[in-house]
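The working numbering applies: residue 65 is where the sequence shown begins, and numbers increase by one. Backbone N, C-alpha and C define an ideal beta-carbon position, used for all residues, glycine too. The block underneath contains the structure these notes are about, expressed in structure tokens.
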Amino acid sequence: MRVLLLGSGGREHAIGRALARDSEVTGLHAAPGNPGLARLAELHAIDPCDAAEVKALARRLRTDLVVIGPEAPLMAGVSDALRAAGFACFGPSRAAAMVEGSKSFAKQLMQAGGIPTAASRTCRTAAEVGAALGAFGPPYVVKADGLAAGKGVLVTSDRAAATAHAAGCGQVVIEEYLAGPEVSVFALADGTTATTLLPAQDYKRAGDADTGPNTGGMGAYAPVPWVPPHLADEVLARVITPAISELKSRGTPYQGLLYAGLALTSTGMKVIEFNARFGDPETQVILDRLATPLAGLLTAAAAGDLRQAEPPRWRPGAAVTVVIAAEGYPGTPVAGDKVESLQDLPESTGSYVLHAGTTINDGHVVTSGGRVLNVVGTGQDVAEARKAAYATVAQIRVRGGWYRSDIADLASEHARMPPA
Ligand code: AMP
Ligand code: GLY
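Rendered as structure tokens:
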């Protein structure tokens with residue numbers, strides 16, 4: 065089968081790598097892709113948010129499946145346009161992707177489905193904001209209602225800062241603070257049924273020990289050895305299934321990946337956020353462990369046929385990914401810095417490098433985005449995978465580049481269950 069993958073980040077490189085391993089995939093194309101994907105797929109320099117361009121490309125390639133990586137094409141209606149033209153597409157409709165596109169939509173959906181989440185209020189005026197901050201108390205959680213590329217959420221104990229953030233956002237959701245470690249659980253959904261993937265843990269803050277500003281994610285690992293063994297089943301029953309049932313009953317069935325970001329609180333698991341796509345960088349570690357051919361799973365989801373597909377199987381062992389970020393990230397990243405020594409990495413170290421924010425300039429790989437590379441380490445357990453990842457990170461030079469040094473450190477506060 066011929067697959068067209070939309071996007072250009074580390075997530076897409078990981079998805080492309082898993083698709084390339086699937087013997088059913090005879091042609092792999094990416095638009096626009098990146099220098100890492102260029103080794104696996106034919107790249108096409110089109111705008112993945114332009115539905116007409118994507119449709120024309122899918123037609124020209126006689127594509128059997130289009131896989132949408134990032135949220136922007138979903139919000140631009142690319143999945144709707146592809147389905148209307150008869151293409152199998154992995155990625156929800158614009159209407160269903162509102163689980164990510166609007167925090168108030170997601171909250172309302174969770175309420176309708178009886179899904180456990182933080183109590184919240186949607187506020188439009190300064191008076192409503194003041195009342196909500198007063199009602200929930202510190203730490204304050206203020207979320208811009210619309211898409212904000214990971215920058216719309218402020219968690220702070222400073223009421224003035226919370227008020228100022230709200231004032232800059234227009235409509236906001238203000239909610240109860242959830243204390244507890246965070247875990248991401250992804251599900252493949254076909255409109256009616258769903259199947260969960262391996263839980264993973266992401267590191268959202270820029271600095272070690274979860275200090276500094278929020279980012280898109282600075283590292284991840286899977287599996288998560290300390291979560292309750294039935295977490296994924298519980299999330300399927302209490303979160304994913306009610307969400308897709310509710311969306312189906314509204315006439316907007318969910319076909320694609322539904323991402324549940326969870327807090328494991330002392331009073332149980334609660335949803336922090338939904339996303340309408342594979343998470344980045346959790347996907348890099350989850351797909352590393354996937355034994356089932358990926359194209360078959362995504363095709364089944366796109367065709368409403370998941371019930372017939374075999375459930376995902378996982379390779380034993382663990383994977384850890386460490387993000388190397390550009391100078392300036394998560395503010396304005398510096399572009400054009402040289403990435404050194406990628407070619408000289410030994411093959412047999414149990415690790416590999418995924419490209420995220422890179423481009424080729426004068427024959428050199430240079431930075432072109434905030435998160436530049438994702439080094440993935442593998443091993444029999446998280447500790448071994450972590451060692452493999454950091455051994456490779458230490459060999460890569462990016463001028464101005466930086467990374468967290470505590471990813472997948474299971475002894476840290478980040479990876480610890482709250483006392484019961
Ligand atoms: P979101 O974009 O909704 O995932 O929020 C980004 C990050 O802010 C999350 O990963 C959490 O670390 C934090 N956060 C969001 N909502 C809450 C909450 N209700 N309580 C505590 N932390 C939160
Ligand atoms: N890793 C968080 C996200 O993809 O939104």
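*Counting pairs of Cβ atoms below 8 Å between the stretch 370-390 and the stretch 422-442, do you hit three or more?*
yes
*Using the Cα positions of residue 325 and residue 200, report the straight-line distance between them to the nearest angstrom.*
In the sequence shown, residue 325 corresponds to position 261, counting from 1. In the sequence shown, residue 200 corresponds to position 136, counting from 1. Distance between the alpha carbons of residue 325 and residue 200 is about 21 Å.
_I need the boundaries of the beta strand (DSSP E) containing residue 277, first residue and last residue._
The count along the sequence shown starts at 1 and reaches residue 277 at position 213. Segment 275-278, the beta strand (DSSP E) holding residue 277.
*Could you tell me which residues DSSP pairs with residue 5 in its beta bridges?*
Residue 5 cannot be examined here, being either before or after the span of the chain that is shown, 65 to 484.
*Is residue 167 near ligand 2, in the sense that its beta carbon is under 8 Å from a heavy atom of that ligand?*
Here the question's residue 167 lines up with position 103 in the sequence shown. No, the Cβ of residue 167 stays beyond 8 Å of every heavy atom of ligand 2.
*In whole angstroms, what separates the C-alpha of residue 427 from that of residue 419?*
The sequence position of residue 427 within the sequence shown is 363, counting from 1. The sequence position of residue 419 within the sequence shown is 355, counting from 1. Whole-angstrom Cα-Cα distance: 16 Å.
*Would the C-beta of residue 469 count as close to ligand 2, meaning under 8 Å from any of its heavy atoms?*
Mapped onto the sequence shown, residue 469 falls at position 405. At a threshold of 8 Å, residue 469 does not count as near ligand 2, since its beta carbon sits no closer than that to any of the ligand's heavy atoms.
_Three or more C-beta pairs below 8 Å linking the stretch 352-371 and the stretch 141-158_ = yes
*asked:* Given this structure, state the Cα-to-Cα distance separating residue 355 from residue 378, to the nearest angstrom.
replied: As a working mapping, residue 355 is identified with position 291 in the sequence shown. As a working mapping, residue 378 is identified with position 314 in the sequence shown. If I take the Cα positions, the gap works out to 5 Å.
_Where residue 108 falls: helix, strand or coil (DSSP)_ = Residue mapping note: residue 108 aligns to position 44 of the sequence shown, counting from 1. The DSSP-derived three-state label of residue 108 is coil.
*asked:* If you follow the beta strand (DSSP E) that residue 250 is in, where does it begin and where does it stop?
replied: Numbered from 1 along the sequence shown, position 186 holds the residue referred to as residue 250. Taken as a continuous stretch (DSSP letters only), the beta strand (DSSP E) holding residue 250 covers 246-254.
*Leaving out five residues on either side along the sequence, give the residues of the same chain with a beta carbon under 6 Å from the beta carbon of residue 295.*
The sequence position of residue 295 within the sequence shown is 231, counting from 1. Excluding positions up to five away in sequence, the list reads 263.
*What separation, rounded to the nearest whole angstrom, lies between the Cα atoms of residue 193 and residue 235?*
Within the sequence shown, residue 193 is the residue found at index 129, counting from 1. Within the sequence shown, residue 235 is the residue found at index 171, counting from 1. If I take the Cα positions, the gap works out to 10 Å.
*Taking C-alpha atoms, which residue in 170, 243, 175 and 179 lies nearest to residue 207?*
Mapped onto the sequence shown, residue 207 falls at position 143. Among 170, 243, 175 and 179, the Cα nearest to that of residue 207 is on 170.
*asked:* Quick check: is any heavy atom of ligand 2 less than 8 Å from the C-beta of residue 284?
replied: Taking the sequence shown and counting its residues from 1, one reaches residue 284 at position 220. Yes.
*Hey, out of 286, 417, 125 and 108, whose CA is closest to residue 66's CA?*
Locating residue 66 in the sequence shown gives position 2, where the first residue counts as 1. Closest by alpha carbon: 125.
*asked:* Please return the same chain residues whose Cβ sits closer than 6 Å to the Cβ of residue 196, not counting the five positions on each side in sequence.
replied: Position 132 of the sequence shown holds residue 196. Excluding sequence neighbours, residue 196 sits near 185, 187 and 238.
*Taking Cβ positions, are residue 370 and residue 472 nearer each other than 9 Å?*
Locating residue 370 in the sequence shown gives position 306, counting from the first residue. Locating residue 472 in the sequence shown gives position 408, counting from the first residue. No. Outside cutoff.
*Through-space distance from residue 288 to residue 339, alpha-carbon basis*: The residue you call residue 339 lines up with position 275 of the sequence shown. The residue you call residue 288 lines up with position 224 of the sequence shown. Using only the alpha carbons, I get a separation of about 20 Å.
*Rounded to the nearest angstrom, how far is the Cβ of residue 96 from that of residue 79, given a contact under 8 Å?*
Your numbering for residue 96 matches position 32 in the sequence shown. Your numbering for residue 79 matches position 15 in the sequence shown. So it is not a contact: roughly 14 Å between Cβ atoms.
_CB of residue 99 within 9 Å of CB of residue 422, strictly_ = As a first step, residue 99 is located in the sequence shown; it is residue number 35 there, counting from the start. As a first step, residue 422 is located in the sequence shown; it is residue number 358 there, counting from the start. Residue 99 places its beta carbon less than 9 Å from that of residue 422.
*Given that a residue counts as buried once 16 or more other Cβ atoms are within 10 Å of its Cβ, and exposed if not, what is residue 143?*
By 1-based counting over the sequence shown, the position of residue 143 is 79. The C-beta of residue 143 has 16 or more other C-beta atoms within 10 Å across all chains shown, which makes the residue buried.
*Pairing CB atoms from the stretch 273-292 with CB atoms from the stretch 466-480, are three or more of them under 8 Å?*
yes
*Among 468, 71, 72 and 396, the one whose alpha carbon lies nearest that of residue 271*: Looking up residue 271 in the sequence shown gives position 207. The shortest C-alpha separation from residue 271 is found at 468.
*How about residue 345: is its Cβ closer than 8 Å to a heavy atom in ligand 4?*
As far as ligands go, the structure on display features ligand 1 and ligand 2 and does not contain ligand 4.
*Taking just the CA atoms, how far does residue 88 sit from residue 204?*
Taking the sequence shown and counting its residues from 1, one reaches residue 204 at position 140. Taking the sequence shown and counting its residues from 1, one reaches residue 88 at position 24. Answer to the nearest angstrom: the Cα atoms are 49 Å apart.
*Does the Cβ-Cβ distance between residue 284 and residue 349 come in under 9 Å?*
If you number the sequence shown from 1, residue 284 lands on position 220. If you number the sequence shown from 1, residue 349 lands on position 285. Yes, the Cβ-Cβ distance between residue 284 and residue 349 is below 9 Å.
_I'd like the span of the beta strand (DSSP E) that includes residue 207, first residue to last._
Residue mapping note: residue 207 aligns to position 143 of the sequence shown, counting from 1. Residue 207 -> beta strand (DSSP E) spans 204-208.
*Compute every distance between the C-beta of residue 394 and the non-hydrogen atoms of ligand 1, then say whether any falls below 8 Å.*
Against the sequence shown, residue 394 aligns to sequence position 330. Not so, every heavy atom of ligand 1 lies at least 8 Å from the Cβ.
*Would you grab the beta carbon distance between residue 218 and residue 231 for me? Rounded to a whole angstrom, and I think it's under 8 Å.*
In the sequence shown, residue 218 corresponds to position 154, counting from 1. In the sequence shown, residue 231 corresponds to position 167, counting from 1. By a beta-carbon distance limit of 8 Å, residue 218 does not contact residue 231. Their separation comes to about 11 Å.
_residue 123, buried or exposed, once every other Cβ within 10 Å from all chains shown has been counted against 16_ = Position 59 of the sequence shown holds residue 123. Exposed.
*Can you tell me whether DSSP reads residue 243 as helix, strand or coil?*
Here residue 243 refers to the residue found at position 179 of the sequence shown. Of the three classes helix, strand and coil, the one that applies to residue 243 here is coil, per DSSP.
*Determine the DSSP secondary structure at residue 235, reduced to helix, strand or coil.*
Position 171 of the sequence shown holds residue 235. In the structure shown, residue 235 sits in coil (DSSP, three-state: anything other than H, G, I, E or B).
*Between which two residues does the beta strand (DSSP E) containing residue 188 stretch?*
Your numbering for residue 188 matches position 124 in the sequence shown. No beta strand (DSSP E) contains residue 188, which DSSP labels as neither H nor E.
*So, helix, strand or coil for residue 261, using DSSP?*
For the purposes of this step, residue 261 is taken as residue 197 along the sequence shown, with counting starting at 1. Here residue 261 sits in coil by DSSP.
*Assign residue 389 to buried or exposed, taking buried as 16 or more other Cβ atoms, counted over all protein chains shown, within 10 Å of its Cβ.*
Here residue 389 refers to the residue found at position 325 of the sequence shown. Looking at its Cβ environment, which holds 16 or more other Cβ atoms inside 10 Å, residue 389 is buried.
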